[in-house]
Amino acid sequence: MDNQEFRGLHEECGVFGVYNVNDAARLTYYGLHSLQHRGQEGCGIITVNNGTFCKERGLGLVTEVFKDETLQALPGNMAIGHVRYSTHGGGGIENVQPFFFRHKTGNFALAHNGNIINAGQLADYLESRGSLFHSTSDSEILAHLIRKKNNEPRINAIKEALNMLEGAFAFLILTENRLYVCRDKYGLRPLVIGTMGEGYIVASETCALEAVGATYLRDVEPGEIICIDSEGLRSHSYSRFRRNKMCAMEYIYFSRPDSDIEGCNVHAFRKESGRKLAHTAPVEADIVIGVPDSSLSAATGYAEESGIPYEMGLIKSKYVGRTFIQPSQEMREIGVKMKLSAVRSIVSGKRIILIDDSIVRGTTSRKIVSMLRDAGAREVHVRIASPPLTHPCYYGVDISEYDELISAHRSVEEVRQVIGADTLAFLSREDTLASAPGRSDMCFACFTGDYPTALY
Numbered sequence: 480m481d482n483q484e485f486r487g488l489h490e491e492c493g494v495f496g497v498y499n500v501n502d503a504a505r506l507t508y509y510g511l512h513s514l515q516h517r518g519q520e521g522c523g524i525i526t527v528n529n530g531t532f533c534k535e536r537g538l539g540l541v542t543e544v545f546k547d548e549t550l551q552a553l554p555g556n557m558a559i560g561h562v563r564y565s566t567h568g569g570g571g572i573e574n575v576q577p578f579f580f581r582h583k584t585g586n587f588a589l590a591h592n593g594n595i596i597n598a599g600q601l602a603d604y605l606e607s608r609g610s611l612f613h614s615t616s617d618s619e620i621l622a623h624l625i626r627k628k629n630n631e632p633r634i635n636a637i638k639e640a641l642n643m644l645e646g647a648f649a650f651l652i653l654t655e656n657r658l659y660v661c662r663d664k665y666g667l668r669p670l671v672i673g674t675m676g677e678g679y680i681v682a683s684e685t686c687a688l689e690a691v692g693a694t695y696l697r698d699v700e701p702g703e704i705i706c707i708d709s710e711g712l713r714s715h716s717y718s719r720f721r722r723n724k725m726c727a728m729e730y731i732y733f734s735r736p737d738s739d740i741e742g743c744n745v746h747a748f749r750k751e752s753g754r755k756l757a758h759t760a761p762v763e764a765d766i767v768i769g770v771p772d773s774s775l776s777a778a779t780g781y782a783e784e785s786g787i788p789y790e791m792g793l794i795k796s797k798y799v800g801r802t803f804i805q806p807s808q809e810m811r812e813i814g815v816k817m818k819l820s821a822v823r824s825i826v827s828g829k830r831i832i833l834i835d836d837s838i839v840r841g842t843t844s845r846k847i848v849s850m851l852r853d854a855g856a857r858e859v860h861v862r863i864a865s866p867p868l869t870h871p872c873y874y875g876v877d878i879s880e881y882d883e884l885i886s887a888h889r890s891v892e893e894v895r896q897v898i899g900a901d902t903l904a905f906l907s908r909e910d911t912l913a914s915a916p917g918r919s920d921m922c923f924a925c926f927t928g929d930y931p932t933a934l935y
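In terms of the numbering used here, the sequence shown is residues 480 to 935.
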């Protein structure tokens, strides 16, 4: 396996699991549908029925891959599912999860959200000992590490394997009679557990619990493995080094506004960040508009705090995917034109405050500013409800190269000139953290270069 493939593989995905609930595949389908924003290139479901694993996966959206007859062919009251977004070198059906593994100690399936940053080193280690990889996904590495343990309880093998991984992850491991739920020791990726009758639901976000009618129980703790079986929930710790470094971009961009992340509602966080932005970066204008959809909460907060009316100045076509997670620059640029349009009667002749959650490459921002000017806007003042993105992310977000980041080597004024705005301002890191009441820490690596892990 080429180590470069692992270094280039950065993904943002979603996982969903069911234990002891009838028609688990259909529940997983609805859960994955509510997590579709976390990955749109492929999806899969694996169920267990009387010890037999049944699986289906494919490229495309959840509604494209799974039909009623497909779900009927996935019997059982246990399941795990996955929605995938792949970036460099990570596409193709062979990388669509969950993965299934046969082993003399017991077959199992695995689904993963995040990124293993020492994957290249571990792949070399495993290949030198005879492992054969069937995908270029770093997720497969955990399975090979677990499979090396033959004569001891699987929980011990899982603990030892997780301690060899460095990075951000939420893992679901499904055996014939158990569901293991694992979260990285830094707490970089969200993972929650809910109850449903006598059973349990596991998901990347609380919105997926709500979608299937489950009751939120708790978040999985950093460095924790939860074993779910006929005896209920049992908690295991695999690391003494635990930190609560939730990825700031989960709050800012990735998670759905109706999700709660470790006790903080995402919409409330974004609205508060907009309020703080209005306080620190005011400007005279006629209307406030947000870039649909992830910036609308912040735009509402900015409008309320500033007293400037909020208007629907941009309309998004709901039939086009998110431009940020299109795998090529050419597709991103086409996507901007397809997905957004300015409301000329609203913006014409107006001084506009345009709220967006972030600027990554600057392409989208430049086109939106140009679109508003073409629709007659007199002024366009851009306000970003996060700090400037200046460093690559190695933990599962599609920000992998310095050269892709417009703010990496440019001042705020230089970025303003590139995107064509009249003024530009960003939210500070301090105000970003303060927008989540009760939080004392987040991962700000993409804003600061201060990475919580070694980078290999």
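Heads up, the beta-carbon is just placed ideally off N, CA and C, and yes, glycines get one too. Please read these numbers as outputs of a predicted model, since none were measured by experiment.
Roughly how many angstroms lie between the CA atoms of Y659 and R830, to the nearest whole one?
Position 180 of the sequence shown, counted from the start, is the residue given in the question as residue 659. Position 351 of the sequence shown, counted from the start, is the residue given in the question as residue 830. Roughly 54 angstroms between the two C-alpha positions.
Spatial distance of T927 from P867 (CA atoms)
Along the sequence shown, one-based indexing puts residue 927 at 448. Along the sequence shown, one-based indexing puts residue 867 at 388. Looking at the two C-alpha atoms, the distance is approximately 9 angstroms.
Just mark D920 as buried or exposed, buried being the case when its beta carbon has 16 or more other beta carbons within 10 Å.
Mapped onto the sequence shown, residue 920 falls at position 441. Exposed, because fewer than 16 other Cβ atoms sit within 10 Å of the Cβ of D920.
Exposed or buried, what is Y498 when buried is set at 16 or more other beta-carbons lying within 10 Å of its beta-carbon?
Here residue 498 corresponds to residue number 19 of the sequence shown, with the count starting at 1. With 16 or more Cβ atoms within 10 Å of its Cβ, Y498 is classed as buried.
Here's the rule I'm using: 16 or more other beta-carbon atoms within 10 Å means buried, otherwise exposed. How should N574 be labelled?
Taking the first residue of the sequence shown as position 1, residue 574 is located at position 95. Buried is the call here.
Entirely enclosed beta strand (DSSP E) segments - the stretch 658-731, minimum 3 residues:
658-662, 671-675, 678-682, 694-698, 703-708 and 711-716
How would you call Y881, buried or exposed, if buried means at least 16 neighbouring beta carbons within 10 angstroms?
To locate residue 881, count along the sequence shown from 1; it is residue 402. Y881 is exposed by the Cβ-count criterion.
Quick one: Cα of V770 to Cα of E784, how far?
Reading the sequence shown from its first residue, position 291 is the one you call residue 770. Reading the sequence shown from its first residue, position 305 is the one you call residue 784. Those two C-alpha atoms are separated by around 18 angstroms.
When the Cα atoms are used, what is the spatial distance from E703 to S616?
For this step, residue 703 is matched to residue 224 along the sequence shown. For this step, residue 616 is matched to residue 137 along the sequence shown. In a straight line, the C-alpha of E703 is about 23 angstroms away from that of S616.
Residue burial classification, L688 (beta-carbon count within 10 angstroms, cutoff 16)
One-based indexing of the sequence shown puts residue 688 at position 209. Looking at its Cβ environment, which holds 16 or more other Cβ atoms inside 10 Å, L688 is buried.
Classify I559 as buried or exposed, calling it buried when 16 or more other Cβ atoms lie within 10 Å of its own Cβ.
Here residue 559 refers to the residue found at position 80 when the sequence shown is read from its first residue. Per the 10 Å Cβ criterion, buried.
Taking the beta carbon of G594 as the centre, do at least 16 other beta carbons fall within 10 Å, making it buried, or is it exposed?
On the sequence shown, position 115 is the one that residue 594 refers to. The question names Gly, but residue 594 is Asn in the sequence shown. Per the 10 Å Cβ criterion, buried.
Compare the Cα-Cα distances from Q896 to each of G841, A622, D765 and R908 and report the closest residue.
By 1-based counting over the sequence shown, the position of residue 896 is 417. Minimum Cα distance to Q896 is reached at G841.
Would you mind stating whether L833 and A864 have Cβ atoms separated by less than 8 angstroms?
Looking up residue 833 in the sequence shown gives position 354. Looking up residue 864 in the sequence shown gives position 385. Cβ atoms of L833 and A864: not closer than 8 angstroms.
Check whether the Cβ atoms of R749 and A782 lie closer than 8 angstroms to each other.
Your numbering for residue 749 matches position 270 in the sequence shown. Your numbering for residue 782 matches position 303 in the sequence shown. Result no, Cβ atoms of R749 and A782 do not sit closer than 8 angstroms.
Please report the distance separating the alpha-carbon of Y695 from that of V500.
The sequence position of residue 695 within the sequence shown is 216, counting from 1. The sequence position of residue 500 within the sequence shown is 21, counting from 1. Between Y695 and V500, the C-alpha separation is close to 15 angstroms.
Should L934 be labelled buried (16 or more other beta-carbon atoms within 10 Å of its own) or exposed?
Position 455 of the sequence shown, counted from the start, is the residue given in the question as residue 934. When all chains shown are included, L934 counts as exposed.
Verify whether the separation of the beta carbon atoms of L553 and A504 is less than 8 angstroms.
Indexing the sequence shown from 1 puts residue 553 at position 74. Indexing the sequence shown from 1 puts residue 504 at position 25. Closer than 8 angstroms, so yes.
Euclidean distance between Cα positions of Q576 and V859
Within the sequence shown, residue 576 is the residue found at index 97, counting from 1. Within the sequence shown, residue 859 is the residue found at index 380, counting from 1. Roughly 43 angstroms separates the two Cα atoms.
With S513 as the anchor, note down where its alpha helix (DSSP H) starts and where it stops.
Residue numbering aside, residue 513 sits at position 34 when the sequence shown is read from its first letter. Residues A503 to S513.
Tell me the residue span of the alpha helix (DSSP H) that contains S820.
Position 341 of the sequence shown holds residue 820. Looking at the DSSP string, S820 is not in any alpha helix (DSSP H); the run it does join, the beta strand (DSSP E), is L819 to A821.
Taking F578 as the reference, which of T759, G585, N744 and L589 has the closest Cα?
For the purposes of this step, residue 578 is identified with residue 99 of the sequence shown, where counting begins at 1. Selected option, being the one with the closest Cα: L589.
Taking only the alpha-carbon atoms, compute the straight-line gap between S940 and T932 and give it to the nearest angstrom.
Since the displayed the chain opens at 480 and closes at 935, residue 940 lies outside it and no answer follows.
Quick one: give me the first and last residue of the alpha helix (DSSP H) that K755 is part of.
Numbered from 1 along the sequence shown, position 276 holds the residue referred to as residue 755. Counting along the chain, the alpha helix (DSSP H) containing K755 begins and ends at V745 to T759.
Cβ pair H870, A924 closer than 8 angstroms:
Along the sequence shown, one-based indexing puts residue 870 at 391. Along the sequence shown, one-based indexing puts residue 924 at 445. Yes; because the gap between Cβ atoms is below 8 angstroms, this pair is in contact.
Please classify M725: is it buried, with 16 or more other beta-carbons within 10 angstroms of its beta-carbon, or exposed?
Numbered from 1 along the sequence shown, position 246 holds the residue referred to as residue 725. Per the 10 Å Cβ criterion, buried.
Within its chain, find whatever has a CB closer than 8 angstroms to the CB of N529; leave out the 5 residues flanking it on each side and keep chain order.
Looking up residue 529 in the sequence shown gives position 50. Hits under 8 angstroms: G555.
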